[in-house]
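Peer 1:
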Amino acid sequence: MQMNDSQRIPASREQVWAALNDPAVLKQCIPGCQSLDVTAPNEMTATVVFKVGPVKATFSGKVTLSDLDPPNAYRISGEGSGGVAGFAKGGALVRLESQGADVTVLHYDVDAQIGGKLAQLGARLINSTATKLAGEFFKSFADVVSAKAEAG
Amino acid sequence: MNDMTPTREQRSAALEGMGCKRKRVEDIRFTQGKGNYVDDVKLPGMLHGDFVRSPHPHARVKRIDDSEALKVPGVLAVITAETLKTVNLAWMPTLAGDVQMVLADGKVLFQNQEVAFVVATDRYAADDGINKVIVEYEPLAPLVDPFKSMDKDAPVLREDLAGKTSGAHGPRKHHNHIFEWTVGDKELTDAAFKKAEVTIKEMISYHRTHPSPLETCQCVCSFDKIKGELTIYGTFQAPHVIRTVVSLIAKLPEQKIHVIAPDIGGGFGNKVGAYPGYICAAVASIVTGKPVKWVEDRIENLTATSFARDYHMTTEIAATKEGKVTGLRVHVLADHGAFDACADPSKWPAGFFNIVTGSYDFPTAHLAVDGVYTNKAPGGVAYRCSFRVTEAAYCIERAMDILAQKLNMDPAELRLKNFIKPEQFPYHSALGWEYDSGDYHTAMRKMMETTGYAALRKEQADKRAAFARGETREIMGLGVSFFTEIVGAGPSKNCDILGIAMFDSCEIRLHPTGAGIARMGTKSQGQGHETTWAQIIATEIGIPADNIMVEEGNTDTAPYGLGTYGSRSTPVAGAAIAMAARKIKAKAQMIAAYRLEVHEDDLEFDIDGFRVKGLPEKFMSMKDICWAAYNSVPPGMEPGLEAVSYYDPPNMTYPFGAYLCVMDIDVDTGVYNVRRFYALDDCGTRINPMIIEGQVHGGLTEAFAIAMGQEIRYDEVGNVVTGSFMDFFMPTAVETPHWETDFTVTPSPHHPIGAKGVGESPNVGGVPAFSNAVNDAFSFLGSTHIQMPHDFWRNWKAAKQLGAVA
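These protein sequence lines are chains F and V, in that order. Position one of the first sequence corresponds to residue -17 (my numbering), numbered consecutively onward. Position one of the second sequence corresponds to residue 23 (my numbering), numbered consecutively onward.
#1: Does DSSP classify V/N292 as helix, strand or coil?
#2: Suppose you measure from the CA of V/A283 to the CA of V/Q549; what does that come to, to the nearest Å?
#3: Does any C-beta atom of chain V lie closer than 8 Å to the C-beta of F/G62?
#4: Anything in chain V within Cβ reach of F/F69, meaning under 8 Å, just list it in chain order.
#5: For V/I599, count neighbouring C-beta atoms within 10 Å of its own C-beta (all shown protein chains included) and say buried if the count is 16 or more, exposed if not.
#6: If I measure Cβ to Cβ from V/G787 and keep anything under 6 Å in the same chain, skipping five residues before and after, which residues do I get?
#7: Leaving out five residues before and five after V/T544 in sequence, what residues of the same chain have Cβ atoms less than 7 Å from its Cβ?
#8: Looking only at its own chain, which residues have a Cβ that is under 7 Å from the Cβ of V/T412, when we skip the five neighbours before and after it?
#9: Compute the minimum distance between the beta carbon of V/M685 and the heavy atoms of the ligand MG, and state whether it is under 7 Å.
#10: Are V/H78 and V/T577 close, meaning C-beta to C-beta below 8 Å?
#11: What are the start and end residues of the beta strand (DSSP E) that includes V/T204?
#12: Which residues in the same chain have their Cβ closer than 8 Å to the Cβ of V/L436, if we skip the five residues on either side of it in sequence?
#13: Would you say V/G57 reaches chain F, if we count a Cβ-Cβ gap shorter than 8 Å as a contact?
#14: Using only the alpha-carbon positions, how far apart do V/M23 and V/A476 sit?
#15: Touching or not, the stretch 289 to 301 of chain V and the stretch 112 to 128 of chain V, by the rule of three or more beta carbon pairs under 8 Å?
#16: Between which two residues does the beta strand (DSSP E) carrying V/D798 extend?
#17: Where F/D91 and V/V378 are concerned, what is the direct C-alpha to C-alpha distance, given to the nearest angstrom?
#18: Could you name the residues of chain F that V/N153 contacts, counting a contact when the two beta carbons are closer than 7 Å?
#19: Specify the secondary structure class of V/V684 as computed by DSSP and reduced to three states.
#20: Mind checking whether V/R410 and V/G721 have CB atoms under 8 Å apart?
#21: Any idea if V/R30 is buried or exposed, counting beta-carbon neighbours within 10 angstroms, 16 or more meaning buried?
#22: Within this structure, are the beta carbons of F/S59 and F/S42 separated by less than 8 Å?
#23: Taking V/Y146 as the reference, which of V/R491, V/P95, V/D285 has the closest Cα?
#24: Under the assumption that F/Q95 contacts F/V87 (Cβ atoms under 8 Å), give the Cβ distance between them as a whole number of angstroms.
#25: Quick check: what's the CA-CA separation for V/P657 versus V/I559?
#26: Anything in chain V within Cβ reach of F/Q95, meaning under 7 Å, just list it in chain order.
#27: Where does the unbroken beta strand (DSSP E) through V/E471 begin, and where does it stop?
#28: Hey, is F/G98's beta-carbon within less than 8 Å of any beta-carbon in chain V?
#29: Please say whether V/E529 and V/P444 have beta carbons closer to each other than 8 Å?
#30: Three-state secondary structure (DSSP) at V/Y146?
#31: Measure the alpha-carbon distance for V/V309 versus V/S269 and round it to whole angstroms.
#32: For V/D167, which of V/D737, V/A755, V/P753 has the nearest alpha-carbon?
#33: Is it buried or exposed for V/W815, if we count other Cβ within 10 angstroms and need 16 for buried?
#34: In the DSSP output, which residue or residues are listed as bridge partners for V/N576?
#35: V/G745 CB to nearest chain C CB: under 8 Å?
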């Protein structure tokens, strides 16, 4: 499954980049995120509650940042297992485009894969759910960053 | 005779024998909710088992940790392949000569494969335990597309077969190849194609689907440690075969295994095979010393126990310009999933697919089938059809329509031109079968006259013209299908399962008061055997059907039989009933002769007793003969009146039928409406017309489901995406069309009562009728073949591709 979109954020590219690398911000913005702990530079472990249609499960797994090109782009990828509910893995290529000193456009290009019961029961819902979750993440990310920029 | 003496018609009617629309006796309990199914079996101290299943279609199993699961209150044991290895049961043989993992042994090969079996005091605790079993997987590249199975760089699925260049059915060409099966004369067929005036070629797929009985597969295993006896209650279409298989693989003496199949809520082929659940429940009972129940849920049933079909059939017909067929060439790519657990008689790796010449007189034909492994669930059962017969019927019936289209001929006319003629029976087909009897022209013409076929074609032409003028957005299709089935497996010369010939059996015991019991090797899953078997006995012996109790499903009391599937019950066991009844009748005649003081040759059977020829007053009823059998038999004769017959059929039977589907499709939405469906079936002698009609209704409904949407679909990474009734089409009364049924009667010449079997005909003939209707509707827009299933979305997509929708 693939999707891409962009989000306009009223903050400078450097501010956005900093937030993208801040586990506290990520934790706040990932829908259903229960915990996010840094285990090594650019590596985190996460616990996320994920719900697709009738299946709800707690996923625990690894989140990795790679292909870092500060302050322009990186790749965030993760994979997690939800026990009997199945597994999910995927990533997003995130690219920042400056549109003036206080405006940044965040482009994202997501590919994701699910397996197990999630895929069996949720196949028809997965695209809309994923689009919704990605939208939620980047929307709250934009909100958090712009609030920080205003405060800062 | 006084006025109270019943007439011959009244006496005959009182028997409720063959030809009577006798009401189903089993329905007295079913309609009151008093059936007794496996899930109703509740034994003292019974435990419940359930599976940890793989979310991955292909992965290495690195580690299984059950320590947390064992801490869950109520969880008693977690069984893994390592546990099973201690009793040599980590793998089990399949009916197709392959082996199959009972629990994942180092690797998983399909999504939802059984990985561990959690045993607990109740089902809830077992499910909680499953959530706590930690399995570490290393995902491997999945192989989903069967057309890529034999690619050079295709992943190796079956590491256990490494280095094995031959399997149960001959040489293997590739590490994911199972078998190649060829039939027919290749040279002659190639020559026919070389000089053909007209040829067609099409890849016709029959998608993967599932029998999906409403009651899923289940069992209760109870091991008595003191007696060393194992009792298995299970949803078994073939209980004796299960007993023998369990004895062979669990090394238990066969007399100490008691298999009981209680009432079964539909089978359709799904309940023929042996599944990991049965083995695990048995082992769990042996380990714990308590009865263990295993009941599949719906997702497990759809995704793990035996699928059906998944045949990709490249089909070619050679013909003259006038439409006379001269050759048939078919290559099948058969997707068997991760293990070859196909339920076919041993010598038939592709079942009876060589019935693919259908109802037509092909002078020559050649067939090759390649079976391959993929990362999908194992199976390949005959879903309401004889072994691979519905695939064959679909293949030839689609191909004949494609040929008709190419020749610009009416598909019904093309069929009439090529039918095997009545005088050609018994007919030897180019691919090796001997068709017992048939009158195809009469059946086809009756269908055409009854439905007003010519007028429907005229209406279709008018509608197409109106569509071209832009006056309607609806297109109309006529789906003609004329099928020949091959059922009643089968003669011991070519049919066996695990070396056991595919006979079937009946034991009849008559009681002193003119009643009796018939015990059978078959097992009804809804076919109404308790009703129809008694009707055969009633006509044969002259005891009212109501006085005969039919018992099936207990291997301790029933004579050995190969079970119920492939429309074999009436052709094989139905014959055994008649033969056992005739043995009884012969003894009854001797008793009657003795009591009436005449020579037995002077007696003739008359409905419900024996009469002295020429002396109508001298009569002894079967009821009286039954009494006499227990107190005054002729000197030297043993008392009692019972007989057993094991019937080895001399040939298969070949039911046939002519179907027509009239369908309208809205091109803008893809929504179809089955306006009319007419089904004429010829199943030879008809035992109970009401039950036949019910069988036809059920089979047509399943055919409708399959053709119009029912599918087990995998996504490109090996997830089953149709794992519940939300996505797997199960028609209800809302979607199901109205069925018109009709018949002709062409008895089987070799069957004692001339019956051929009917349970599966409507599925075999129905699927091509629906698909041909859709294809016929779209054909004038330029398409030759649209793959099934024909759901609304695919119809809309077809319309779009053909330019009918902007």
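Ideal Cβ placement from N, Cα and C applies to all residues, glycine included. Predicted model only: the values in this text are computed from it and were never measured.
Peer 2: On the basis of the data shown:
#1: Position 270 of the second sequence, counted from the first residue, corresponds to residue 292 of chain V. V/N292: coil per DSSP, three-state reduction.
#2: One-based indexing of the second sequence puts residue 283 of chain V at position 261. One-based indexing of the second sequence puts residue 549 of chain V at position 527. Going from the Cα of V/A283 to the Cα of V/Q549 covers about 15 Å.
#3: Start at 1 with the first residue of the first sequence, and residue 62 of chain F comes out as number 80. No - not a single Cβ of chain V is within 8 Å of the one on F/G62.
#4: Taking the first residue of the first sequence as 1, we reach residue 69 of chain F at position 87. Under the 8 Å cutoff, chain V gives P77, H78.
#5: If you number the second sequence from 1, residue 599 of chain V lands on position 577. Its Cβ being crowded by 16 or more others within 10 Å, V/I599 is buried.
#6: As a first step, residue 787 of chain V is located in the second sequence; it is residue number 765 there, counting from the start. Here the set comprises S503, F505, G679, Y681.
#7: For the purposes of this step, residue 544 of chain V is taken as the residue at position 522 of the second sequence. Contacts found: D526, H551, E574, G583, G585, T586, S591, A595.
#8: Position 390 of the second sequence, counted from the start, is the residue given in the question as residue 412 of chain V. Around V/T412: N785, V786, V789.
#9: As presented, the structure is devoid of all ligands, the ligand MG included, so that no description of it is given.
#10: Numbered from 1 along the second sequence, position 56 holds the residue referred to as residue 78 of chain V. Numbered from 1 along the second sequence, position 555 holds the residue referred to as residue 577 of chain V. No; because the gap between Cβ atoms is not below 8 Å, this pair is not in contact.
#11: Locating residue 204 of chain V in the second sequence gives position 182, counting from the first residue. Segment 199 to 206, the beta strand (DSSP E) holding V/T204.
#12: For this step, residue 436 of chain V is matched to residue 414 along the second sequence. Excluding sequence neighbours, V/L436 sits near G345, M422, L425, A426, L429.
#13: For the purposes of this step, residue 57 of chain V is taken as the residue at position 35 of the second sequence. So, not an interface residue.
#14: Stepping through the second sequence from its first residue, residue 23 of chain V is reached at position 1. Stepping through the second sequence from its first residue, residue 476 of chain V is reached at position 454. Legend: pLDDT at V/M23 = 49, less than 50; position of this residue unreliable, no value from coordinates given.
#15: yes
#16: What you label residue 798 of chain V is simply residue 776 of the second sequence in a count that begins at 1. Note, V/D798: premise wrong, no beta strand (DSSP E); alpha helix (DSSP H) at 783 to 801.
#17: For the purposes of this step, residue 91 of chain F is identified with residue 109 of the first sequence, where counting begins at 1. For the purposes of this step, residue 378 of chain V is identified with residue 356 of the second sequence, where counting begins at 1. Each residue's alpha carbon lies about 50 Å from the other.
#18: As a first step, residue 153 of chain V must be located in the second sequence, where it is residue number 131. By Cβ distance, chain F contributes G65, V66.
#19: Position 662 of the second sequence, counted from the start, is the residue given in the question as residue 684 of chain V. If DSSP states are grouped into helix, strand and coil, V/V684 belongs with the strands.
#20: For the purposes of this step, residue 410 of chain V is taken as the residue at position 388 of the second sequence. For the purposes of this step, residue 721 of chain V is taken as the residue at position 699 of the second sequence. Taking a C-beta distance under 8 Å as the contact criterion, V/R410 and V/G721 do not qualify as a contact pair.
#21: For this step, residue 30 of chain V is matched to residue 8 along the second sequence. Exposed is the call here.
#22: Within the first sequence, residue 59 of chain F is the residue found at index 77, counting from 1. Within the first sequence, residue 42 of chain F is the residue found at index 60, counting from 1. No, Cβ-Cβ distance for F/S59 and F/S42 is not below 8 Å.
#23: By one-based count along the second sequence, residue 146 of chain V stands at place 124. Nearest option by C-alpha distance: V/P95.
#24: On the first sequence, position 113 is the one that residue 95 of chain F refers to. On the first sequence, position 105 is the one that residue 87 of chain F refers to. About 27 Å; that fails the 8 Å criterion.
#25: If you number the second sequence from 1, residue 657 of chain V lands on position 635. If you number the second sequence from 1, residue 559 of chain V lands on position 537. Straight-line Cα distance between these residues: approximately 27 Å.
#26: For this step, residue 95 of chain F is matched to residue 113 along the first sequence. Ordered by position in chain V, the residues that pass the 7 Å Cβ test against F/Q95 are V739.
#27: Counting from one through the second sequence, the residue named residue 471 of chain V turns up at place 449. Run containing V/E471: none in the beta strand (DSSP E); it sits in the alpha helix (DSSP H), 462 to 473.
#28: Residue 98 of chain F sits at position 116 when you count from the first residue of the first sequence. Using a Cβ-Cβ cut-off of 8 Å, F/G98 counts as an interface residue toward chain V, since at least one Cβ of chain V sits closer than that to its own.
#29: Sequence index remark: in the second sequence, residue 444 of chain V carries index 422 (1-based). Sequence index remark: in the second sequence, residue 529 of chain V carries index 507 (1-based). In this structure, V/P444 sits away from V/E529, with a CB-CB distance that is not shorter than 8 Å.
#30: Walking along the second sequence from the start, residue 146 of chain V turns up at place 124. Residue state, collapsed to three classes: helix.
#31: Position 287 of the second sequence, counted from the first residue, corresponds to residue 309 of chain V. Position 247 of the second sequence, counted from the first residue, corresponds to residue 269 of chain V. In a straight line, the C-alpha of V/V309 is about 17 Å away from that of V/S269.
#32: Translated into the one-based positions of the second sequence, residue 167 of chain V becomes position 145. Of the candidates V/D737, V/A755, V/P753, the one whose C-alpha sits nearest the C-alpha of V/D167 is V/D737.
#33: Residue numbering aside, residue 815 of chain V sits at position 793 when the second sequence is read from its first letter. With fewer than 16 other Cβ atoms within 10 Å, it is exposed.
#34: Walking along the second sequence from the start, residue 576 of chain V turns up at place 554. V/N576 is bridged to V/I282.
#35: The displayed structure is made up of protein chains F and V, and chain C is not among them.
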